[in-house]
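Residue numbers (this note's numbering), protein chains in the order written: chain D, 1250 to 1573; chain Y, 1236 to 1610. All residues carry an ideal CB built from backbone N, CA and C; glycine is no exception.
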Amino acid sequence: MTDPQHGVPAGPDGRPLAAAGPDGGAPTSGAAGDTGDWWGTDEVSVWYGKVLALDRVTFRAAPGQVSAVVGGDGAGRTTLLRCLAGALAASDGTIRRPAARRIGYLPAGSGTYPDLTVAENLAFRAAVYRVRDPARRTTEYLERAGLSAARERLAGRLSGGMRQKLGVIAAMLHQPALLVLDEPTTGVDPVSRVELWSLIARAAADGAAVVLATSYLDEAARAARVLALDAGRELATGTPEEIVASMPGTVRVLAKRPEGDAARRAWRRNARWQVWAPDDPAGGPAGGVAGPAVAGGELVRPDLQDAVTVAALVRELAMTGGQP
Amino acid sequence: MWAMIVKEFRQLRRDRRTLAMMIVMPVILLIVFGYAASFDVSTIPTAVAGPQASAVVLRAPFDVLHRNPAGGATWARAQLRDGKAAVAVVTGSSAAVLIDGSQLFTARAALAALANAQRQAGPQAAPAAGAPSPKVTILYNPGLKTADIMIPGLAGVILVFVGTMITSLGVVRERQTGTLEQLAVMPLRPRDVFLGKVVPYFAVGAVDLAIVIAAGVAIFGVPFRGSLGVFALGALLFLFVTLGLGILISSVSENQGQAIQLAFMITLPQVLLSGLIFPLSSIAIGVRWISYLLPLTYFNQISRGVMLRAEPIGPLWEPFVFLALLGLVVVTLATLRFRSYLAPAGPRQGRGGPASAIAAAPAEPAHAAGPREAR
C-alpha cells in the first residue's frame, strides 16, 4: 500500500467519514475507523425498481485486512460488492472507494475471457491497469496461483477452480488498494480453496483492503471483519469474535430434532441438531442445568455459524411474533 | 409429447422477440417487398441540350428535368455522370442520345422506349427533327453488364454482413461471459471501450472491402474509373455507420440469438431496398422512404458513381452528408447505450416509488448525492 491516505475524501465536517458516521458508537467503526483509513459504504441503499436490495448498509474495509460479507441468496452481498467496485451506483448513501485503477474486482463468474489464454487474459489486465513490468508480475502471480503450467491454455478450458484462481490473480495483478472478490471460492474444491485463501491473504498482507463475499461461514471466520446481510439489511457486523460474543442466549446440541416450541429454534448441523434458547428472562445466566425451553442436550460454545444463524433466527422470530 | 408441446409454447411466449419475428415479420416483409420488388421503370429522368432544347417534347416514360439550350454534349455527359439524369438528348447538328448504363434497368427501359418511338414514328421521324436520326450511345456500362453494377453494390452488402452481423455479437458476448461487468469497473472511458470494440472490425471490414473490389476488377472486369480517395472516404463513413449499427444491436440484445435476429432484420431490407437490385425510382413512395434511412442506399450511390461514372465528390455531397448524419445518430445512440452499461448510472428507480421517497427525504443531504469517488 503506497499511500493509504491518498485521495480519501473527508466528511462534510472536514473530518474523515469514519469518525463522522451517525452511528459513532456502533461497532462498525472498529479498527478501520480509528485511523479514518478505510474503504466502504455509509448508510447505502440500493433499489432495483421497487425492490430494496440494500437497506442503509454501512460497511468498512480496512487496508491490510480481509473483510467478509456473508448472507444467503438474495441477501444483497453481490449488490454491496458491485457498489464497492463501482459497477453500480447507490440509490442513497455514500460509497468510499479509490479511483477505478486502484480497484480490483472479481465479479460473480470469473470475469475472464474464455476465448483468450491465461497469459492473454492477464496481458489485457496488465495493459488496462498499466502494470509496471507486466511480464515479471504475471509470471510471479501465475506461480503463486500454481497456474504456470496452464499459461497457454484457453481460460474457457480451465477447470472451475483454476478459472477462479485466474480470476482472482487477474483482479489483484495491479496490486489494487481495494480488492473486491465476489464468491471467489464457491464451487471450488478444498485444495483450490486453500490456495485461493493464501492468494487472498497475501494480497491483504501486501496492503490491499480485501472484501470478499462468501456463503461459507467457516471461511468468513478467518476474516478480520464480518458483515452478515439478510434481505438487504445488516444482520450482524464486527470481528467474528464480536459477533459470537454478542449472540444472545445459548446453543445446545441434541441428537434428534426437539419438539414443540423449541423446534422453531432448531437447525441441523452435521449429523446433529443445534437448538437455541434465549436468555433466561429471570436474569440468570442461560447456562446452568437447563434453559427455559430446552431440556437436555449438551451446551456448546457457539461459533460464527451459530451466531449468524441465531441472529437470523431472532429476526425471523421477531417478524413472526415468536420473539420471546 | 404433450408436456413437450406445452413447455415449448411457454418458452415461446417468454421470448417475445422471436414470436414477433415469426408472426409480424413475414407480413411486413411481404408488404414492403411486394411494393419494392419491381424492375419496371415508369419515369426516366432526362436532360435535353442543344439549340432546340426548349422545343423538344418527349413522351413518357421520359421526364425532362433539365434543359440547357446553350449546353452541348459535354454538359449532357456531366448530367449523366453526376446522376442528375439517366438519359440526355443532345439536339443540333450532331444529334445524340446518351444513356447512363450504370442505371441498368432505366437504361434498358430507355432503349426499349426509343425503339418503340422510332417504330411508331416511322420514316417521317427524321425529317420532322430536321436532322439525321440521333446516334444512341450508352455510357459507363456500354455492354449493360449486370456484374458492372452489382459488384460495387455487393461490396456494400458484404460490409453490411461483416459489419452489422459480426459486430453485433461483440457486446453481447461480453455480457454473456460476465466480462462486461469487469469492463465497467476498469479505468476505461466508455468511448475507449466503444472504439476498442469497433476498430478491429473496422480494420477487418476495410481489408474485406479492398479484397472484394480488387476481385471485382480482376475477375469480373468491373471498371474503377473514379477517384480512389472519394471511394475510400465513402467506404469509411459507410463502415462507421454499419459497425455502429452492429454495436447498437449488440447493446439492446440479451443474447447472441437475439442479436443475430435483429441484425438480420436490419440487413435484409438493405439488400432489397437500397437500390442494389430494384431501382429506387421503381420502389413505391410509401416504402421508398425506408430506403433513405438505410446506409447501403447511399453507399450504392457513391460506389456506382465513383467506380463506373468517375463521379467527383461535389455532386455526391448528398449521399456523403446523409451517411455522415446516419453515422452520427447511430454512433451517438450506441455510445449512450454503452455508457449506461459502463458508467454506473445506478439501478433504475421506480417512478414515484419508494426510491424517490428516500431520495427526497435524506437525513444528510450532503450524503445523498450518490457515490463519491476518491481520486
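Less than 8 angstroms between CB atoms is the rule here; does D/Y1390 satisfy it with respect to chain B? Absent from the structure: chain B. Protein chains present are D and Y.
Apart from the five residues just before and just after D/E1547, which ones in its own chain have a Cβ nearer than 7 angstroms to its Cβ? These residues qualify, in order along the chain: R1501, V1502.
Do you know offhand how far Y/L1247's Cα is from Y/Q1493's? As the crow flies, the alpha-carbon of Y/L1247 is around 13 angstroms from that of Y/Q1493.
Are the CB atoms of D/A1556 and D/A1317 within a distance shorter than 8 angstroms? Going by C-beta atoms, D/A1317 is not nearer than 8 angstroms to D/A1556.
Which residues bound the alpha helix (DSSP H) around D/P1439? Where D/P1439 is concerned, the enclosing alpha helix (DSSP H) stretches over 1439–1454.
With H, G and I counted as helix, E and B as strand and the rest as coil, what does DSSP make of D/E1483? Residue state, collapsed to three classes: strand.
Cut-off 7 angstroms between Cβ atoms - residues of its own chain near D/R1331, not counting five sequence neighbours on either side: Correct list, in chain order: L1337.
Where DSSP assigns a beta bridge to D/G1353, which residues make up the other side? The beta-bridge partner set that DSSP reports for D/G1353 consists of D/L1428.
Contact criterion: CB-CB distance below 8 angstroms. Does D/R1350 meet it with respect to chain Y? It does: the Cβ of D/R1350 has a partner Cβ on chain Y nearer than 8 angstroms.
Of the residues D/V1319, D/Q1314, D/S1294, the one placed nearest D/L1476, counting alpha carbons only: Looking at the Cα atoms, D/V1319 is the closest of the given residues.
If you run the structure through DSSP and keep just helix, strand and coil, what is Y/F1297? Here Y/F1297 sits in strand by DSSP.
Going by DSSP, name the residue or residues bridged to D/E1547. D/E1547 is bridged to D/V1502.
Does Y/P1422 have its Cβ less than 8 angstroms from a Cβ in chain D? So yes, Y/P1422 belongs to the interface.
Pull up the distance between the alpha-carbon of D/S1493 and that of D/T1290, whole angstroms please. It should be pointed out that residue 1493 of chain D corresponds to Val in this sequence rather than to Ser. When only Cα atoms are considered, D/V1493 and D/T1290 end up about 23 angstroms apart.
Under a CB-based cut-off of 8 angstroms, is Y/V1494 close to chain D? Note that residue 1494 of chain Y is Ala in the sequence shown here, rather than Val. No, because no Cβ of chain D sits closer than 8 angstroms to the Cβ of Y/A1494.
Go ahead and pull the three-state DSSP assignment for D/Y1297. In this structure, D/Y1297 counts as strand in the three-state DSSP scheme.
For Y/A1545, tell me which candidate among Y/A1559, Y/S1462, Y/L1515 has the shortest Cα-Cα distance. Just measuring C-alpha positions, the residue of Y/A1559, Y/S1462, Y/L1515 sitting nearest Y/A1545 is Y/S1462.
Write down the C-beta distance between Y/V1325 and Y/T1281 rounded to the nearest angstrom, noting that I regard them as a contact closer than 8 angstroms. By a beta-carbon distance limit of 8 angstroms, Y/V1325 does not contact Y/T1281. Their separation comes to about 12 angstroms.
Distance check for Y/A1284 and Y/Y1270, CA to CA, integer angstroms please. Roughly 35 angstroms between the two C-alpha positions.
Pick from Y/L1507, Y/N1376, Y/V1447: whose alpha carbon is nearest that of Y/V1397? It is Y/V1447.
What in chain Y is Cβ-close to D/V1377, meaning under 8 angstroms? Against chain Y, a Cβ distance below 8 angstroms from D/V1377 picks out M1421, P1422, L1423.
Would you mind listing the beta strand (DSSP E) stretches within the segment 1332–1416 of chain Y that are 3+ residues and don't spill past its ends, in chain order? Entirely contained in the segment 1332–1416 of chain Y, the beta strand (DSSP E) runs reaching 3 residues are, in chain order, 1370–1374.
Given a threshold of 16 other Cβ atoms within 10 Å of its Cβ, counted over all protein chains shown, does D/D1341 qualify as buried or as exposed? Classification of D/D1341: buried, given that the 10 Å Cβ count is 16 or more.
For the segment 1321–1336 of chain D, which residues have a CB atom closer than 8 angstroms to at least one CB atom of chain Y, in sequence order? Along the segment 1321–1336 of chain D, the positions whose C-beta sits under 8 angstroms from a C-beta of chain Y are R1331, C1332, A1334, G1335, A1336, read in chain order.
Using the beta-carbon of each residue, which ones in chain Y are nearer than 8 angstroms to D/P1363? Within chain Y, the residues T1412 have their CB atoms less than 8 angstroms from the CB of D/P1363, given in chain order.
Need the endpoints of the alpha helix (DSSP H) that D/T1558 sits in, please. Element bounds for D/T1558: 1553–1569.
Does the beta-carbon distance from Y/A1569 to Y/I1482 come in below 8 angstroms? Yes, they are a contact pair.
Going by the DSSP bridge assignment, what does D/F1308 pair with across the sheet? According to DSSP, which records beta bridges pairwise, D/F1308 is partnered with D/T1290.
Is Y/V1512 helix, strand or coil when you go by DSSP? The sequence shown places Ile at residue 1512 of chain Y, rather than the Val named in the question. In this structure, Y/I1512 counts as coil in the three-state DSSP scheme.
What first and last residue would you give for the alpha helix (DSSP H) that runs through Y/T1253? Start and end: 1251–1271.
Supposed close pair Y/P1425, Y/L1577 - CB separation, criterion 8 angstroms: A Cβ-Cβ separation of about 5 angstroms places Y/P1425 in contact with Y/L1577 under the 8 angstroms criterion.
By alpha-carbon positions, which one of Y/V1506, Y/T1278, Y/S1329 ends up nearest to Y/F1297? With distances taken between CA atoms, Y/F1297 lies nearest to Y/T1278 out of Y/V1506, Y/T1278, Y/S1329.
Beta-carbon of D/P1439 versus every beta-carbon of chain Y: anything under 8 angstroms? Not a single CB atom of chain Y sits nearer than 8 angstroms to the CB of D/P1439.
Could you check which residue in Y/N1535, Y/L1480, Y/K1370, Y/V1506 has the C-alpha nearest to that of Y/A1350? That would be Y/K1370, whose Cα lies nearest to the Cα of Y/A1350.
Kindly indicate if chain D contains any beta-carbon less than 8 angstroms away from that of Y/V1491. The question names Val, yet the displayed sequence has Gln at residue 1491 of chain Y. Judged by the 8 angstroms Cβ criterion, Y/Q1491 is not in contact with chain D.
Kindly indicate if chain Y contains any beta-carbon less than 8 angstroms away from that of D/P1356. Chain Y, which has a Cβ nearer than 8 angstroms to the Cβ of D/P1356, makes this yes.
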